[in-house]
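**Student:**
Numbering (my numbering), first residue to last: 2 to 905.
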C-alpha cells in the first residue's frame with residue numbers, strides 16, 4: 002500500500018511502524034528487476050499543513066518503478082520557513098533497510114531537514130535528489146551503507162544492467178557502462194546548494210557521495226527551470242562527512258546527466274551519465290560575477306577501492322581532512338582545458354594522507370582484494386589488487402596547491418609502488434607547472450615522496466603526452482630540500498639544465514627555472530606527432546602524440562617549456578597549414594623563441610591577437626613582418642617579426658607575453674595572447690622534420706637561466722598538518738602517544754631505542770625497568786615522569802598514591818624487568834577489566850586512566866614474548882571529556898552549522 006500525504010489540515014505525527022515482511026529478500030539483482038507490486042511507501046505531496054516523520058522503521062519498502070520509494074517528498078516546493086511553515090518539515094530518526102528502491106527521495110522540494118536516519122542495504126541511489134532543482138535541503142548525521150545497484154536510472158545500474166536494459170536507447174545502441182552508468186551512490190546530490198553535515202556513507206557499489214550537475218531541470222520538473230545553472234551554483238555546507246569502503250570513490254564531484262531523449266544524433270538514454278559539466282561556482286550562479294570557492298571541510302575518506310575523493314572544477318578548497326587506505330587518496334581535475342577553462346584555484350590544506358593504516362580491514366564486502374601490505378607485511382585489504390601503485394595525492398592537470406599536510410605509511414613492496422605524491426596514470430592530458438606544493442611533512446615510513454611512473458603494469462609505456470609533461474613546483478623545498486624548484490620527469494630535456502639534480506628512485510628531476518605552457522592547435526592534421534627539441538639538447542627531443550582522437554578535426558599539444566630558451570618543432574608528416582600557438586600561464590615578459598619546420602618554398606601569413614573568451618572576440622590583431630636573419634630577429638624580440646630560414650626550413654618567431662596575468666587565470670587580464678601561422682606551399686606532401694639540417698647549426702651550450710639553490714639541511718619548520726588525527730567528532734582534541742618498549746632480545750639484535758612520545762615530545766628511557774608518563778587528561782600536559790628498575794614496594798606505592806588524579810597513564814618497559822607479572826593487579830584500577838596474565842612476557846606497553854568511575858574504552862595493554870617484539874605502538878586518545886571530569890570548552894561546530902543551514 003502507499004501512504005499519500007498531502008493537503009492535510011492537521012499536523013501528522015507517525016508512530017513507530019514496521020511494514021509487514023511480504024517476501025523474504027534474496028539477491029539484490031533479482032529484486033531490483035522484480036520487486037513485489039504491493040510494497041508500502043510514504044509519498045508526501047505539496048500544500049500540506051505540517052509533516053514530521055520521526056523514529057519510524059521502514060523495511061522491505063519501495064519498488065523498481067518510478068515514484069515508488071520508502072519516503073518520497075513529491076514536488077512540495079519550499080517546506081521550511083521560506084515556504085511559510087512555522088515549524089519546518091523534517092525527517093528524524095528513521096530506519097530504512099532492505100529497501101527495494103532508494104531510501105529518501107527529495108523531488109522538487111526545498112528546505113527539508115533529514116537527520117539521524119539510517120539507510121541500509123538498499124537498491125539505487127539511497128538519499129536521492131531527483132530533478133536537479135532541489136536546494137537548501139540539509140542532511141545531518143545520517144548513515145547510509147550497503148547501497149546496491151538498481152534499474153530505474155542509468156546511473157543506478159551496474160555493468161550488466163547497463164548493457165541489458167535498452168528499452169529507452171535509440172534503436173540497437175549498446176550503452177557504455179563506464180561512461181553512462183555505474184554511478185550508484187549513497188548520497189546523490191543533483192544540485193550543489195544543499196547541506197551535508199556529519200553524515201557517513203559506506204559500502205556503496207560506486208560512490209559514497211556524488212555531486213552531479215544538471216544543465217536543465219529534468220524529470221517532472223523539466224521546463225520549470227530551463228537552466229538550473231547547477232555547475233555555476235555555490236556549494237552549500239559540507240562539513241564532517243565520512244566516506245569509506247566504497248568501490249569507486251568516497252566523494253565524487255564531477256559530470257552531469259543527459260537531458261535529452263534518445264535520438265539518432267545521440268542514441269544514449271535520457272538521464273544517463275554525461276561528461277558535460279564542470280563545477281565552477283560563481284556568485285549568484287553568474288559567470289560574469291566573482292567566483293565563490295567551494296569549501297570541503299573535514300572530509301574523512303578511507304578504505305575506498307579506487308579514490309578517496311575525485312573532484313573536478315574550481316575554485317575548490319579542501320581543509321582539515323584525512324585520507325587513508327585508498328587506492329588514491331585525493332585527485333583533483335581541472336575545470337577543463339584551454340580554451341574552455343579560464344583557470345581556477347584548487348587547494349588542499351591541513352590534511353593527512355595515510356597509505357596503509359593499522360586498520361587492516363576484513364576480507365569481504367566492497368574490499369575485494371586481500372593480500373600482504375603495509376609496514377608490517379601482514380594480510381590486509383588492498384585497493385584494486387596487490388600490484389596497484391597507491392598514491393596519496395594525485396596530480397592530474399591543475400593548477401592545484403597542496404600545503405600544510407602530512408604523509409604517512411607509503412611503503413613499497415616487491416610487487417607494487419607506493420608514493421605520497423603521484424600522477425594520473427596513462428595520462429594524455431595537459432599538466433601545468435603552476436601545480437605547487439609547500440609546507441609538507443613526510444614521515445620516515447614514506448618510501449617514495451614522489452613517483453613519476455615506470456613502464457609496466459598500470460603505467461603501460463608511461464609515454465603519453467601528460468605522462469611526459471608531469472611537473473610541479475616545490476615552493477619551499479619541503480619535498481626535495483631545494484627551495485623554489487620544479488620537479489619533472491627525468492627524461493624530459495625541455496625542462497632541464499646542467500645543474501639539475503636527478504632523483505633516480507622517483508624517475509624525477511629537480512630543476513631551477515621558470516616554466517610555462519604553449520598550447521599548440523593544428524587544423525586538419527589530427528594524426529601528426531609533434532617532435533620538440535631544445536636547442537641545448539637536440540639529441541633528446543620530446544615527442545607528443547596530441548590529446549585529441551585522430552578522427553578529430555583539430556589536434557592539440559601542450560608542452561611545458563623552460564622560459565628564455567629556444568626550441569624547434571617538427572612533424573612526422575606534412576606540416577599543418579594552420580597552427581595557433583597560445584601562451585598559457587605566461588607572466589608578463591616571459592618568452593621563448595620557437596622555430597617551426599616547413600618546406601623551403603612555403604610562404605606565410607603570421608598574425609598575433611588576444612582572444613577575449615568571455616565575449617568571444619579577438620582584439621589587438623597585428624600582422625608579423627619578415628626579417629632576413631635570426632641575429633636580426635634576436636635584436637628585436639618585442640617586435641612582431643619573423644625569420645624564415647629557407648636553407649633549413651625553420652620559421653623563427655618569439656612568443657612573448659605582453660600583458661599582465663592575475664591569480665590562477667591561464668591567460669592575461671585582456672585575454673589569451675596568441676600567434677597564428679597560416680602556411681602556403683606547393684610541397685604539401687613533404688614530411689616536415691628539419692632536425693638534420695637544424696643541428697648543429699642552431700645548437701647552443703646548455704645553461705641555467707636561474708641558478709640552482711643549495712640543498713637545505715635544516716628541518717622543515719611549520720610543515721605538515723597541525724593535527725594528525727581525524728575523527729567523526731572533530732570538536733574533540735586528541736593526544737598523540739607513542740610507546741616503544743624494548744625486550745632483552747631486541748636489545749641484543751641491535752635495537753637501542755625505547756621511549757614514550759606525547760604530542761611529538763619524546764621521553765627516552767635507557768635503563769632497564771619500567772617507565773611511566775602521566776598526562777593531564779583535560780589539558781594534555783605532561784605532569785609526571787617516573788622510572789623503576791623493578792616492581793617493588795616503591796612502585797606499588799606509586800601506583801596507589803603517586804599518579805595524579807584525572808591522568809592518562811602511559812607505561813613502557815626496557816629489558817625484561819623483575820616483577821613484570823606482578824604489575825598486572827595494579828593496572829586494573831587504571832582501566833583493565835581484570836589482571837592480565839603476564840607470566841613469561843618480556844615487554845609491555847599500557848594505556849590507562851587514573852580517576853573516574855568507569856574505565857575509558859581506549860584503555861589497553863599489549864605484551865611481547867619470544868620473537869614477536871611489540872615494535873612502535875601508537876594511540877590517539879581523546880582529551881577533555883566530561884567522563885574524565887573535565888569542563889568541556891569546545892563547541893559543537895556541527896550544531897552551529899545545522900542552525901545556520903536551517904535558520905531563517
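All C-beta atoms in this analysis are idealised placements derived from N, C-alpha and C, irrespective of residue type, glycine included.
For residue 90 and residue 150, what's the separation of their Cα atoms in angstroms?
**Tutor:** 29 angstroms
**Student:** Quick check on DSSP: helix, strand or coil for residue 896?
**Tutor:** Residue state for residue 896 is assigned as helix, using DSSP reduced to three classes.
**Student:** State the Cα-Cα distance for the pair residue 29 and residue 124, rounded to the nearest angstrom.
**Tutor:** Because the pLDDT of residue 29 is 37, which lies under 50, any placement of that residue in the model is unreliable, and the number read from its coordinates should be weighed accordingly. The straight-line gap separating the alpha-carbon atoms of residue 29 and residue 124 is approximately 7 angstroms.
**Student:** What does a CB cutoff of less than 6 angstroms around residue 359 pick up in its chain, not counting 5 residues either side in sequence?
**Tutor:** Cβ neighbours of residue 359 beyond the five flanking positions: none.
**Student:** Going by C-alpha distance, which of 855, 792, 800 is nearest residue 839?
**Tutor:** 792
**Student:** Please say whether residue 94 and residue 1 have beta carbons closer to each other than 8 angstroms?
**Tutor:** Lying before the first or after the last residue shown, residue 1 is absent from the chain, which here runs from 2 to 905.
**Student:** Can you confirm whether the region 349-365 touches the region 309-327 when touching is taken to mean that 3 or more C-beta pairs between the two stretches lie within less than 8 angstroms?
**Tutor:** Touching, yes.
**Student:** Quick one: using the 10 Å Cβ neighbour count with 16 as the cut-off for buried, is residue 126 buried or exposed?
**Tutor:** Here residue 126 is buried. Its C-beta has 16 or more other C-beta atoms within 10 Å.
**Student:** What's the gap between the Cα of residue 747 and the Cα of residue 870?
**Tutor:** 7 angstroms
**Student:** Does DSSP classify residue 448 as helix, strand or coil?
**Tutor:** Here residue 448 carries a coil assignment [DSSP, helix/strand/coil].
**Student:** Rounded to whole angstroms, how far is the Cβ of residue 59 from the Cβ of residue 97, which I believe are closer than 8 angstroms?
**Tutor:** With 8 angstroms as the limit, residue 59 and residue 97 qualify as a contact, their Cβ atoms being about 5 angstroms apart.
**Student:** Pick helix, strand or coil for residue 440, following the three-state DSSP scheme.
**Tutor:** Reduced to three states, the DSSP call for residue 440 is strand.
**Student:** Taking the alpha carbon of residue 119 as the reference point, which residue from 110, 163, 71 has its own alpha carbon closest?
**Tutor:** 71
**Student:** How would you label residue 834, buried or exposed, when you count the other beta carbons within 10 angstroms and need 16 or more for buried?
**Tutor:** exposed
**Student:** When the Cα atoms are used, what is the spatial distance from residue 314 to residue 802?
**Tutor:** 60 angstroms
**Student:** Kindly indicate the opening and closing residues of the beta strand (DSSP E) around residue 73.
**Tutor:** 72-79
**Student:** Short of 7 angstroms in beta carbon distance, which residues of its chain neighbour residue 504, apart from the five on each side in sequence? Order them along the chain.
**Tutor:** 511
**Student:** Between the C-alpha atoms of residue 428 and residue 561, what's the straight-line distance to the nearest angstrom?
**Tutor:** 15 angstroms
**Student:** Where does residue 92 sit, in a helix, a strand or coil, going by DSSP?
**Tutor:** strand
**Student:** Put residue 700 into one of helix, strand or coil per three-state DSSP.
**Tutor:** coil
**Student:** Buried or exposed: where does residue 589 fall if 16 or more other Cβ atoms within 10 Å of its Cβ makes it buried?
**Tutor:** exposed
**Student:** In terms of alpha-carbon separation, which member of 796, 571, 302, 523 lies closest to residue 550?
**Tutor:** 523
**Student:** Could you check what DSSP says for residue 285 in three-state terms: helix, strand or coil?
**Tutor:** helix
**Student:** What whole-angstrom Cβ distance do residue 815 and residue 742 have, given they're in contact under 8 angstroms?
**Tutor:** 7 angstroms
**Student:** On the criterion of 16 or more Cβ atoms from any shown chain inside 10 Å, does residue 765 qualify as buried, or is it exposed?
**Tutor:** exposed
**Student:** With a CB to CB cut of under 6 angstroms and the five nearest residues on each side skipped, what residues in its chain are close to residue 578?
**Tutor:** 680
**Student:** In three-state DSSP terms, what is residue 800?
**Tutor:** helix
**Student:** Since residue 317 contacts residue 300 with CB under 8 angstroms, what's their CB separation in whole angstroms?
**Tutor:** The Cβ separation is near 12 angstroms, so there is no contact.
**Student:** Is residue 555 helix, strand or coil when you go by DSSP?
**Tutor:** For residue 555, the secondary structure class from DSSP, reduced to helix, strand or coil, is strand.
**Student:** Would you check if the distance between the CB atom of residue 252 and the CB atom of residue 282 is smaller than 8 angstroms?
**Tutor:** no
**Student:** Give the DSSP-derived three-state secondary structure of residue 300 in the structure shown.
**Tutor:** strand
**Student:** How far does the beta strand (DSSP E) with residue 108 in it reach, from first residue to last?
**Tutor:** 105-111
**Student:** Please state whether the Cβ-Cβ distance between residue 755 and residue 776 is less than 8 angstroms.
**Tutor:** no
**Student:** Residues in its own chain within less than 6 angstroms of residue 635 by CB, not counting five upstream and five downstream?
**Tutor:** The beta carbon of residue 635 lies closer than 6 angstroms to none in the same chain, with the five residues before and after it left out.
**Student:** Let me know the secondary structure DSSP gives residue 420 once reduced to three states.
**Tutor:** If DSSP states are grouped into helix, strand and coil, residue 420 belongs with the strands.
**Student:** Assuming residue 99 and residue 116 are in contact, meaning their beta carbons sit under 8 angstroms apart, how far apart are those beta carbons, in whole angstroms?
**Tutor:** Between residue 116 and residue 99 the Cβ distance is about 22 angstroms, and since that is not below 8 angstroms, they are no contact.
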